[in-house]
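See below for the structure under consideration.
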Amino acid sequence: FGQKEDEDAVYLSAITRHFRPEFVNRLDSVVVFGSLNQEDIRAITRKELDELSQREGFAKRQIDIQFSEKVVSYIASIGFDVRYGARPLQRAVEQSLMTPIANWLLQHPKSENCRLQVDYQDRLVIEQQNLT
26 FGQKEDEDAV
36 YLSAITRHFR
46 PEFVNRLDSV
56 VVFGSLNQED
66 IRAITRKELD
76 ELSQREGFAK
86 RQIDIQFSEK
96 VVSYIASIGF
106 DVRYGARPLQ
116 RAVEQSLMTP
126 IANWLLQHPK
136 SENCRLQVDY
146 QDRLVIEQQN
156 LT
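The following block contains the structure:
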């Protein structure tokens with residue numbers, strides 16, 4: 026119950042030792058960010074993939090995109106950096122998913138009202154399933 030207050034006191038003590046009182050008095054609060062675990066990274070990856078699948082171009086063409094868990098794992102592994110956290114994730118999604126999907130759509134310009142099943146098996150695999 027009192028653990029959070031103890032942690033806050035430790036951080037505040039470190040801040041007061043390092044910074045001048047004039048600066049410390051200007052702080053409204055101290056927010057401590059913990060490191061991301063593997064499940065956090067996968068959840069952020071799923072969120073990015075959900076946002077990707079909701080883009081306007083896919084909706085206009087009635088294209089539903091489904092990503093396998095292997096894709097989630099792959100993107101999570103290349104989009105996470107110990108130093109920068111999940112910041113590189115959007116770049117990984119753009120380069121490793123969006124570009125191949127865009128190329129696939131260019132090769133299949135009449136694809137509409139379908140589902141794209143995206144999987145990863147040593148490379149990205151995109152399969153079309155008609156919904157009609």
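Heads up: take any position in the sequence shown, counting from 1, add 25, and you land on the working numbering. Idealized CB from N, CA, C, for every residue including glycine.
Inter-residue spacing [alpha-carbon to alpha-carbon] between TYR145 and TYR99 = 7 Å
query = Distance, Cα to Cα, GLY27 vs LEU37?
reply = At GLY27 the pLDDT is 48, less than 50, meaning the model places this residue with poor confidence and gives no usable figure here.
request  = For the stretch 73-88 and the stretch 135-150, state whether three or more C-beta atom pairs, one from each stretch, are separated by less than 8 Å.
outcome  = yes
inquiry  = Quick check on the DSSP output: the alpha helix (DSSP H) that includes GLU47 runs from which residue to which?
reply    = 46-49
inquiry  = By DSSP's criteria, GLU152 is part of a beta bridge. Which residues make up the other side?
reply    = GLN142
message = Taking the straight line between their C-alpha atoms, what separation do you get for PRO125 and ILE151?
response = 9 Å
message = Am I right that ARG61 and ALA111 are in contact with their C-beta atoms under 8 Å? What's the rounded C-beta distance?
response = The displayed chain sequence assigns Leu, not Arg, to residue 61. Right, the Cβ-Cβ distance comes to about 6 Å (below 8 Å), so this counts as a contact.
query = Residues in its own chain within less than 8 Å of ALA127 by CB, not counting five upstream and five downstream?
reply = none
query = Is the distance from the Cβ of LEU122 to the Cβ of THR70 below 8 Å?
reply = no
query = What does DSSP give as the partner residues of GLN120 in its beta bridges?
reply = GLN120 pairs with nothing; no bridge assigned.
key: Neighbour-count burial assignment, GLY82, 16 or more Cβ in a 10 Å radius   = exposed
query = Where does ASP82 fall in DSSP's three states?
reply = Here residue 82 is Gly; the residue named in the question, Asp, does not match the sequence. Helix at GLY82.
inquiry  = Please report the straight-line C-alpha distance between ASP147 and VAL55, rounded to a whole angstrom.
reply    = 44 Å
ask   = How would you label VAL96, buried or exposed, when you count the other beta carbons within 10 angstroms and need 16 or more for buried?
value = buried
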